[in-house]
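Since the structure comes first, as structure tokens, the remarks are kept for the end.
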Amino acid sequence: MHLLRFLALLFALIGILAGCAVAVALLVLALRFWPVLLIFALAISLFGWLLKRIGIRITSRR
Numbered sequence: 005m006h007l008l009r010f011l012a013l014l015f016a017l018i019g020i021l022a023g024c025a026v027a028v029a030l031l032v033l034a035l036r037f038w039p040v041l042l043i044f045a046l047a048i049s050l051f052g053w054l055l056k057r058i059g060i061r062i063t064s065r066r
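Mapping of the sequence shown onto the working numbering: residues 5 to 66, in sequence order.
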């Protein structure tokens, strides 16, 4: 049972590290090639517009 828990936590850690590596790589790519940064900004604004149109509100209050 301890081995199974260890393997699950190891895969979770590897997944978190891989996600962080992808985020850093996308940030470097966006800063290196400014059209990618523009595409990110347009995608985020389009996503926000769609959420507002559907009526979903995302707040930071608990």
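Here a beta-carbon is modelled for each residue, glycine too, at the ideal position from N, C-alpha and C. Just so we're clear, the structure is a prediction, and the values are computed from it rather than from any experiment.
Using C-beta distances below 7 Å, list every residue in its chain close to residue 44, excluding the 5 sequence neighbours before and after it, in chain order. 34
Extent of the continuous alpha helix (DSSP H) to which residue 58 belongs: 38-58
Whole-angstrom C-beta distance between residue 55 and residue 48, which should lie under 8 Å: Not really, about 11 Å apart at Cβ, beyond 8 Å.
Compute the Euclidean distance between the alpha carbons of residue 30 and residue 50, then round it to the nearest angstrom. 19 Å
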